[in-house]
Each structure stands twice: as C-alpha cells, then as structure tokens.
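J.:
In the working numbering, the protein residues as written are 433 to 724.
#1: When the Cα of residue 620 is compared with those of 538, 470, 468 and 475, which residue comes out closest?
#2: Ends of the beta strand (DSSP E) at residue 610?
#3: Taking the DSSP output, what are the residues bridged to residue 596?
#4: If I measure Cβ to Cβ from residue 590 and keep anything under 6 Å in the same chain, skipping five residues before and after, which residues do I get?
#5: Taking the C-alpha atoms as reference points, what is the distance between residue 462 and residue 528?
#6: How should residue 630 be labelled, buried or exposed, when 16 other C-beta atoms within 10 angstroms of its C-beta is the threshold for buried?
#7: Counting beta carbon pairs with one atom in the stretch 627-644 and one in the stretch 556-568, are three or more of them shorter than 8 Å?
#8: With the cut-off set at 8 Å, would you say residue 622 and residue 501 are in Cβ contact?
#9: Below 8 Å on the Cβ atoms is my guess for residue 618 versus residue 504; work out the distance and round it to an integer in Å.
#10: Count the CB pairs spanning the stretch 480-497 and the stretch 532-545 that are closer than 8 Å, and state whether there are at least three.
#11: What separation, rounded to the nearest whole angstrom, lies between the Cα atoms of residue 470 and residue 523?
#12: According to the neighbour-count rule (16 or more other Cβ atoms, all chains shown, within 10 Å of its Cβ), is residue 615 buried or exposed?
#13: For residue 585 and residue 654, I'd like the C-alpha separation in whole angstroms.
#14: Return the Cβ separation of residue 467 and residue 489 in integer angstroms, given the expectation that the two are a contact with Cβ distance under 8 Å.
#15: Give the C-beta separation of residue 625 and residue 512 to the nearest angstrom, bearing in mind that I take them to be a contact with Cβ-Cβ under 8 Å.
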C-alpha cells in the first residue's frame, strides 16, 4: 500500500467518525401528556411537596435529576400503602422524541409475567431484593414460606411457585406484598443528552421499614416493555412532604434516577454504505488536495 493511500484512509476514517459523532442527542421532556386511572398529585412549593387536586401534568413532570419538582403517584391512594388498583394499571402516556411512551403502575399480571430470563418478574425482583439489608426479615413476615431460609436462590421450582403466589396473589388482598411496590411516584420522564430515557421516582432517604429500595415502574417504549427499579440508597431530593393534606414530614426525601440506555429512537443509525460514502468523499478530497 502506498504511503499516500495509507495516509488517506487514516485521515478519512477520522473525518467519518467526526461526522457521525458530531450531532449529539438533545434532552427533551414528555409532551402530549395524558393520564388514565387513579392517581395522587403533588406539586413543589419551595422545598415541600404538597397534594393538589388541580394538577398541571406538564408542570408536575418538568423536573430532572438536579431538581425533581412535583410528581404523580400512579395508582396512588391514601387508604393504604399499596396500589389503589392492583388489577388495572394507572398509565401516563405521551410522546418522547417523536415516539409514543407509556409509564404505568404495576398490576398483578405484570408481576406474574416472564421477564429477564426468569419465569416471573416477581422471581427476578425477589432474588435481587433478598440482598437488600433487612429485606429477608421484612418479607418473611409477609410470606411465611420465606421465613427462616438462608437465601431465596436455594428454592426449587415448586417452592418458587408458592412464594410467588404468596407475594403477588395472596398479599394483594391485604394491599401489601407486591402491591406495596407497585404505585410509583413519577417525578419526570425525559430523554437525556446521551440518548437514555430517564424516569425519576420519588422515594425515601430513610424509610420506616429500614429498607432502601425504589418502587417499580413499567415503561413501554420503542416496542419493548421495561420494569425499572433500584435496590439501594436513593439520591437526596431536597424535598419533603411536610405541608398540606396527608403530609407526614418524611416522604419524598429521596430520588431514584432510573434509565433505559440506548440510542435515541427516531434518529436512524447510518447504513454501512453511508459510512463508506463519507469515507470515500473524504478520501477523494485529501487525494485531490495532495495532487494539487
């Protein structure tokens, strides 16, 4: 290979990469917002979150990781700590970067669907939650079959069936178990600069149970269903529910910033022929410059 051709190919490769990477995705918030189902609404007033019966959904959801703002508790109720309706989801729908997106509370059917290589989403979630400090004793009080075992991963398939039944189906009648983690408080739904879809969930920095974990939110986007959640300590939100109806002085102090990684939907990935075309054009330009 001649020195000129070698230099041309190297130079054109860098030019091609610059062209492809030179247009980063821009952050954007949810638009065309609609809501179906039971929900509670909290607006930000100073450093407080305050219940409101006249919500502006766009305003409530305009926050981000640095300023979470108000939020919507999907399937929220002040009658108990579980989802208001564990058989029918509350769904927040809208458009993100020109693509339809829906963000929902979880139902009994969601917990029982296969997900992430597990027979049920409940099995996946319970396996991960088991290692959260204090969770094994907490869940052992709700599901007797789990009391006293060393680790949940030791269960056989028959035992798993009974555990899932207890956690999802039987506990649903008590508005506890899986239902307790199924009414997410959504601060924001947005497209980040890197192309990630981000969903913020309000939570606790120090929950009364001693558990550090988020609730679960279902996101349907780009033809895929995602169950988003986090095991571990929340970020500090800078807010607290200490004013207005139902204020307890401890809620909403935490923020869980959950993401779906990936390329920005609606922004096509260049075909190989397009990339080669860019390289060819750049190479010809360099050769012509060298000849002149």
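Note that beta-carbon positions come from the ideal geometry of N, C-alpha and C, so glycine has one too.
T.: Result, derived from the coordinates:
#1: Within the chain shown, the letter at position 188 stands for residue 620. Comparing Cα positions, the closest option is 475.
#2: One-based indexing of the chain shown puts residue 610 at position 178. Where residue 610 is concerned, there is no enclosing beta strand (DSSP E), given that its DSSP letter is neither H nor E.
#3: Position 164 of the chain shown, counting from 1, holds the residue named residue 596. For residue 596, which the question treats as bridged, DSSP gives no partner whatsoever.
#4: Locating residue 590 in the chain shown gives position 158, where the first residue counts as 1. So no residue of the chain qualifies.
#5: As a working mapping, residue 462 is identified with position 30 in the chain shown. As a working mapping, residue 528 is identified with position 96 in the chain shown. If you take the alpha carbons of residue 462 and residue 528, they lie about 5 Å apart.
#6: Locating residue 630 in the chain shown gives position 198, where the first residue counts as 1. The residue in question, residue 630, is buried, as its Cβ has 16 or more Cβ neighbours within 10 Å.
#7: yes
#8: Within the chain shown, the letter at position 190 stands for residue 622. Within the chain shown, the letter at position 69 stands for residue 501. No; because the gap between Cβ atoms is not below 8 Å, this pair is not in contact.
#9: The residue given as residue 618 occupies position 186 in the chain shown. The residue given as residue 504 occupies position 72 in the chain shown. That belief holds up - the Cβ atoms of residue 618 and residue 504 are roughly 5 Å apart, short of 8 Å.
#10: no
#11: Stepping through the chain shown from its first residue, residue 470 is reached at position 38. Stepping through the chain shown from its first residue, residue 523 is reached at position 91. Between residue 470 and residue 523, the C-alpha separation is close to 9 Å.
#12: If you number the chain shown from 1, residue 615 lands on position 183. Classification for residue 615: buried.
#13: As a first step, residue 585 must be located in the chain shown, where it is residue number 153. As a first step, residue 654 must be located in the chain shown, where it is residue number 222. Rounded to the nearest angstrom, the two C-alpha atoms are 32 Å apart.
#14: For the purposes of this step, residue 467 is identified with residue 35 of the chain shown, where counting begins at 1. For the purposes of this step, residue 489 is identified with residue 57 of the chain shown, where counting begins at 1. At roughly 6 Å, the Cβ-Cβ gap stays under 8 Å, so residue 467 and residue 489 are in contact.
#15: The count along the chain shown starts at 1 and reaches residue 625 at position 193. The count along the chain shown starts at 1 and reaches residue 512 at position 80. Contact doesn't hold; Cβ gap of about 40 Å is too wide.
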